[in-house]
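Chains A and B, in that order, give the protein sequences. Residue numbers for the first sequence follow numbering that gives the first Met the number 0, beginning at 0 and rising by one. Residue numbers for the second sequence follow numbering that gives the first Met the number 0, beginning at 0 and rising by one. The C-beta atom is built at its ideal place from N, Cα and C for all residues, glycine as well.
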Amino acid sequence: MHLMYFTEQPMSAYPADEGRDFGATALMFSNKYFDPVAGSRLYNEYLEQYVYAEEMGVDGIMLNEHHNAPFCMHAKCNIFAAILAAVTKRVKIVLLGNPLPLAENPVRLAEELAMIDMISKGRLVSGFVRGGGQEQLAAGVNPAYNRERFEEAHALVVAAWTREGPFRWEGAHYQHRVVNPWAVPLQKPYPRAWIPGVLSKETIIWAAKQRYPYICLNTAIEQTKKIWELYDQAAAEAGYTAGPENRGYLLRMHVSDNEEKAIRNARQFMWMQGEFTGLLHPVWSAPSGYFSPDFRRAFAESVAGRSASPRARPSFEQQLKDTMIVAGTPKTVIPTLRRILEETRPGIMAIWGNDGSVTPEDAKTCIRLLGQEVMPALREIGKELGLNDPFEANAPVHLRYSTDIRQMPQAAE
Amino acid sequence: MATGRGWSEAVSEVAGVKLHLARAGNGRPVLVLHHDIGGPDRLDFYDSLAERFDVLVPHHPGYGKSERPQWLRGVRDVAVMYQWLLSGLGIERASLIGLGFGGWIAAEMATMAPREFHRLVLVGAMGLKPPEGDILDQAILSYIDYARAGFHDQQAFARVYGDVSTDQLVEWDICREMSFRIAWKPYMYNQTLPHLLGGVRAPALVVWGDDDKVVPRSAGERYAALLPKARLEIIRRAGHCVEMEQPEALNALVGPFIEQN
C-alpha cells in the first residue's frame with residue numbers, strides 16, 4: 000500500500016462569524032479577512048508538519064490547491080511541491096492535483112512539474128483535476144469548456160513530457176507555435192498521474208481509459224464501491240483488469256493518544272459547516288456547463304434552494320457512523336480501517352489527518368501516531384489483503400505502456 | 000405548425016443547425032432577437048408587433064428549442080447565422096429588434112451589412128463595454144435572482160414567470176451555459192464593435208428602461224453616440240426587460256419607427 004498524509008492547509012485564523020454572516024466562505028467572501036501574519040505562521044507550520052510526516056514514516060505527502068477560500072490556503076500545488084522536493088528526501092510528492100483547465104499555458108505547467116520531478120530525484124506523482132466550480136469563476140476560466148480543456152491540456156502536458164521537441168500544437172483551446180521545453184521529467188515515460196474525484200462519472204471513465212488510478216475523495220463506502228464498478232467496467236472495455244493498484248481512497252481521520260481528544264479534534268473536519276469545500280454557495284460551486292448534463296436538473300434545483308446540493312454531506316455523527324470520518328486512538332481506529340480496506344480494497348490511501356484549528360502539537364501527535372502505529376498496521380493488512388500500490392504492482396504509467404494487453408485499443412484523450 | 004393568434008412554428012436549418020422559428024403577421028419583416036435568458040414564446044409585445052408587421056422570433060442557436068452548435072464560439076457567429084436565416088427565407092430589408100443580449104446580436108448584424116436593414120431597434124442592448132458601471136454578471140447570481148434583476152417591478156416578473164417551475168430553471172441553465180460558451184470573456188461585449196458601428200446606415204432607435212439593473216444606461220448613451228442615425232429613448236418604470244414590463248410604451252415607440260419609409 001501507498002500511504003499518504005494530507006491536510007487541506009486550512010486558513011483557520013479568520014473570523015468564522017463573518018463567514019457565517021456572509022453565508023458563504025468561498026469565492027466572494029472578502030479577502031479583507033485574510034491575515035497574512037497568521038498566513039505566514041500557518042504556511043510554516045504546515046511545512047514543518049510535512050517534514051515531520053516524512054520522519055514518522057509516511058510514504059507520500061498529498062498536496063492540492065484551491066482558490067478564494069479559507070478552507071484551503073494552498074493556492075498553487077506546485078509551490079509546496081517544489082519546496083518539498085528540496086527539503087524532503089524519501090516521500091513521494093503527490094499532487095492531487097493541478098487543475099488543468101485553469102492553466103492558460105499547459106506547457107509551462109509541464110515545465111514546472113518536470114523541474115519538481117528532477118529536483119526531487121524522481122519522487123513526483125502528478126495528479127490532475129478539473130478544479131471546483133467556483134475555481135473556474137475565481138480564475139475567470141469558462142466553465143462550459145472545463146472538460147474539453149482538461150482533456151486537451153492533459154494531452155499537451157503529456158506530449159511536452161514525452162515527444163521530442165520542437166513541435167507545434169494546434170488544438171481547440173491551446174495553440175503553441177513551439178513546444179520545446181528544456182525541462183523534462185526524470186521519471187520515464189513520465190511521472191505517474193493519479194486522478195482524484197467525487198462525483199463525475201465522466202472523470203472516472205476517463206481515468207480508467209487512461210489506466211490512471213482514481214482516488215475517491217472521502218466518498219461513503221457504498222458510493223466508493225459503485226465508483227469501482229464503473230471504473231472496472233471501463234477498464235475491461237479498455238482491455239485490462241483493474242485492481243487495487245488502480246484504486247485510491249482519501250479518508251478523514253484524526254488519531255490521538257486519547258479517545259476524547261480525538262473526537263474533539265475530528266470535529267474540526269466540520270469547521271466550515273462540514274461541506275467538502277467550505278460553506279459553499281450553490282451558484283458559485285455549480286456554474287452552468289461545469290457539471291455533466293445528467294446533473295442539470297439536480298443542480299438547477301439546489302441553486303434555487305429547492306433541494307440539497309448533490310454534494311451535500313451528512314452530520315458529524317452520521318459521518319462517524321458511516322466511517323466517512325474516523326477518530327480515535329491507533330488501537331480503536333485500526334479495526335475500523337481494516338473494515339474500510341476490506342470493503343473498498345484500495346492500493347493507495349491518503350489520510351486527511353488535521354483540519355480547522357487543531358493545534359500544531361495535536362497535529363504532530365496525529366502525524367506521529369499515523370506514521371508509527373497506524374500506517375505500519377495498514378501495511379500489514381494491505382499485504383494480507385493483497386492491496387498492492389502502483390509501484391509494488393509495477394503498473395504501467397498509462398494504458399499505452401501496458402504489456403498485458405494483446406490488442407491495444409486507443410485511449411480516448 | 001399553427002398556434003394561437005396566427006403564430007406558426009417552424010424549424011429552419013442554418014449552418015447545419017436546426018433553429019426554432021415562430022412567425023406571425025404581415026407587412027414589413029421584423030426579426031426579434033431575445034434575451035440571454037431566452038424568454039417566453041408569447042408576449043403581448045410580440046402580438047402587438049404582429050398586428051402590423053411580419054414578425055419572426057427565432058430561438059438563438061443553443062437556446063430554447065434551437066439546437067446547440069458545439070462549434071459556435073462568439074456572438075458574431077450568431078449574427079452570421081441570422082443573416083443566413085434571413086437570406087434563406089428570401090427576406091430583404093428587415094428591421095431588427097434586439098432585446099438585451101439580442102441587441103448585441105442585432106448591432107453586430109447591422110455592422111456586417113450596413114445597407115441591408117430598414118430599421119435597428121436596440122432595447123437595453125449588451126455588446127458595448129459600458130463607459131460607467133458593468134454589465135451584471137449572471138455567473139454569480141442564481142437563475143431566479145438574475146431574471147428578477149431584469150425587472151423594475153417584481154410584480155411584473157410574477158406576471159410573466161409566475162411560480163418559477165423546475166423546467167424553467169433547467170431552461171435558464173441551458174441558456175446560461177450557451178451564453179458562457181459564446182460570451183464568457185469579455186463578458187457580454189465586443190471590444191471591436193464600437194469601432195464598427197459608424198458604418199451602419201439604418202436609422203436606429205435605442206431604448207432603455209429607466210431602472211435597467213443589467214446593462215447600465217451609459218451603454219445606451221454610447222450606442223446612441225456611435226450609431227450615425229440614432230436617438231435614445233428612456234422608458235419609465237421599466238427595468239432591463241422593457242418588452243415584458245412596459246409593452247405598450249415600447250410598442251408605441253417601435254411601431255411608428257419601423258413603419259417610417
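Between the CA atoms of residue j and residue i - distance to the nearest angstrom
{"i": "P165 (chain A)", "j": "K91 (chain A)", "result": "30 Å"}
{"i": "I143 (chain B)", "j": "R405 (chain A)", "result": "55 Å"}
{"i": "T161 (chain A)", "j": "H153 (chain A)", "result": "12 Å"}
{"i": "A326 (chain A)", "j": "T218 (chain A)", "result": "16 Å"}
{"i": "C174 (chain B)", "j": "V50 (chain A)", "result": "49 Å"}
{"i": "D162 (chain B)", "j": "C71 (chain A)", "result": "39 Å"}
{"i": "P195 (chain A)", "j": "V128 (chain A)", "result": "7 Å"}
{"i": "F315 (chain A)", "j": "W168 (chain A)", "result": "49 Å"}
{"i": "F275 (chain A)", "j": "G131 (chain A)", "result": "Per-residue confidence for F275 (chain A) stands at a pLDDT of 45, beneath the threshold of 50, marking its modelled position as unreliable; the derived number appears in the next sentence. Cα to Cα, F275 (chain A) sits roughly 11 Å from G131 (chain A)."}
{"i": "Y188 (chain B)", "j": "K128 (chain B)", "result": "6 Å"}
{"i": "A235 (chain A)", "j": "I226 (chain A)", "result": "14 Å"}
{"i": "F390 (chain A)", "j": "I203 (chain A)", "result": "21 Å"}
{"i": "P184 (chain A)", "j": "A85 (chain A)", "result": "16 Å"}
{"i": "D40 (chain B)", "j": "Y160 (chain B)", "result": "12 Å"}
{"i": "G273 (chain A)", "j": "N104 (chain A)", "result": "No answer about G273 (chain A) holds up, because its pLDDT of 46 lies below 50 and its placement is not dependable."}
{"i": "A138 (chain B)", "j": "W103 (chain B)", "result": "19 Å"}
{"i": "S7 (chain B)", "j": "L95 (chain B)", "result": "20 Å"}
{"i": "D231 (chain A)", "j": "I220 (chain A)", "result": "16 Å"}
{"i": "V332 (chain A)", "j": "L250 (chain A)", "result": "12 Å"}
{"i": "Q454 (chain A)", "j": "A113 (chain A)", "result": "Summary: the structure shown does not reach residue 454 (chain A), with chain A confined to residues 0 through 412, and so no result is reported for it."}
{"i": "V120 (chain B)", "j": "V253 (chain B)", "result": "7 Å"}
{"i": "I118 (chain A)", "j": "A109 (chain B)", "result": "58 Å"}
{"i": "G22 (chain A)", "j": "G89 (chain B)", "result": "55 Å"}
{"i": "P395 (chain A)", "j": "P212 (chain A)", "result": "10 Å"}
{"i": "Q286 (chain A)", "j": "H66 (chain A)", "result": "It is worth fixing the name first, because residue 286 (chain A) is Pro in this sequence and not Gln. Their backbone Cα atoms lie some 15 Å apart in a straight line."}
{"i": "I234 (chain B)", "j": "F116 (chain B)", "result": "24 Å"}
{"i": "K208 (chain A)", "j": "A237 (chain A)", "result": "6 Å"}
{"i": "G101 (chain B)", "j": "M125 (chain B)", "result": "8 Å"}
{"i": "K288 (chain B)", "j": "D133 (chain B)", "result": "Because chain B here runs from 0 to 260, residue 288 (chain B) falls outside it and cannot be looked at."}
{"i": "R200 (chain B)", "j": "R118 (chain B)", "result": "9 Å"}
{"i": "G126 (chain A)", "j": "T322 (chain A)", "result": "25 Å"}
{"i": "M111 (chain B)", "j": "H19 (chain B)", "result": "23 Å"}
{"i": "E259 (chain A)", "j": "M27 (chain A)", "result": "36 Å"}
Residue environment, residue i, which counts as buried when at least 16 other CB atoms sit within 10 Å
{"i": "R72 (chain B)", "result": "exposed"}
{"i": "Y400 (chain A)", "result": "exposed"}
{"i": "N264 (chain A)", "result": "buried"}
{"i": "W207 (chain B)", "result": "buried"}
{"i": "W181 (chain A)", "result": "exposed"}
{"i": "H73 (chain A)", "result": "buried"}
{"i": "R180 (chain B)", "result": "buried"}
{"i": "A9 (chain B)", "result": "exposed"}
{"i": "E7 (chain A)", "result": "buried"}
{"i": "G262 (chain B)", "result": "Since the displayed chain B opens at 0 and closes at 260, residue 262 (chain B) lies outside it and no answer follows."}
{"i": "R158 (chain B)", "result": "exposed"}
{"i": "E64 (chain A)", "result": "buried"}
{"i": "P345 (chain A)", "result": "buried"}
{"i": "A307 (chain A)", "result": "exposed"}
{"i": "G385 (chain A)", "result": "exposed"}
{"i": "D388 (chain A)", "result": "buried"}
Residue i Cβ short of 7 Å to the ligand FAD heavy atom set
{"i": "F21 (chain A)", "result": "Only the bare structure without any ligand can be found here, which leaves the ligand FAD out of the picture."}
*Can at least three beta-carbon pairs, one atom from the stretch 52-70 of chain B and one from the stretch 20-39 of chain B, be found at a separation below 8 Å?*
yes
May I ask you to list, following chain order, the residues of the stretch 83-104 of chain B that have a beta carbon less than 9 Å from some beta carbon of chain A? none
Problem set entry | Within 7 Å of chain A by C-beta, residues of the stretch 175-192 of chain B in sequence order | R175, E176, F179, R180, W183 and K184
What residues in the stretch 288-301 of chain A have a beta carbon less than 7 Å from any beta carbon of chain B? G288, R295, R296, A299 and E300
- For the stretch 183-260 of chain A, list the beta strand (DSSP E) runs that are entirely contained and at least 3 residues long, ordered along the chain. 194-196, 213-216 and 246-254
If contact means a Cβ-Cβ distance below 8 Å, which residues of the stretch 120-136 of chain A contact chain B? L136
Going along the stretch 164-175 of chain B in order, which residues come within less than 7 Å of chain A, judged by CB to CB distance? T165, L168, V169, D172 and R175
Query raised in the report: At which residue ranges does the stretch 326-410 of chain A contain complete beta strand (DSSP E) runs of 3 or more residues, listed in the order of the chain?
Result: 347-351
Task: Given 8 Å, three or more beta-carbon pairs between the stretch 352-359 of chain A and the stretch 250-266 of chain A - done: yes
Kindly provide the ranges of any alpha helix (DSSP H) runs that are 4 or more residues long and lie completely inside the stretch 191-258 of chain B, ordered along the chain. 192-195, 216-225, 241-244 and 246-258
What are the complete alpha helix (DSSP H) segments, minimum 4 residues, inside the stretch 290-324 of chain A? 295-302 and 315-320
| request: With 7 Å as the limit, tell me which residues of the stretch 139-156 of chain B have their beta carbon closer than that to any beta carbon of chain A; keep them in chain order. | output: I139, L140, S141, Y142 and I143
Check: If contact means a Cβ-Cβ distance below 8 Å, which residues of the stretch 15-45 of chain A contact chain B?
Finding: L26 and M27
| said: Pairs of beta-carbons, one from the stretch 165-173 of chain B and one from the stretch 192-205 of chain B, closer than 8 Å: are there three or more? | reply: no
| request: With 8 Å as the C-beta to C-beta threshold (strictly closer), list the residues of the stretch 134-156 of chain A near chain B in chain order. | output: L136, G139, N141, P142, A143 and Y144
Can you list, in chain order, the stretches of the beta strand (DSSP E) that have 3 or more residues and sit fully within the stretch 53-110 of chain B?
53-57 and 94-98
query = Quick one, which residues of the stretch 307-336 of chain A are near chain B if we go by CB-CB under 9 Å, in chain order?
reply = none
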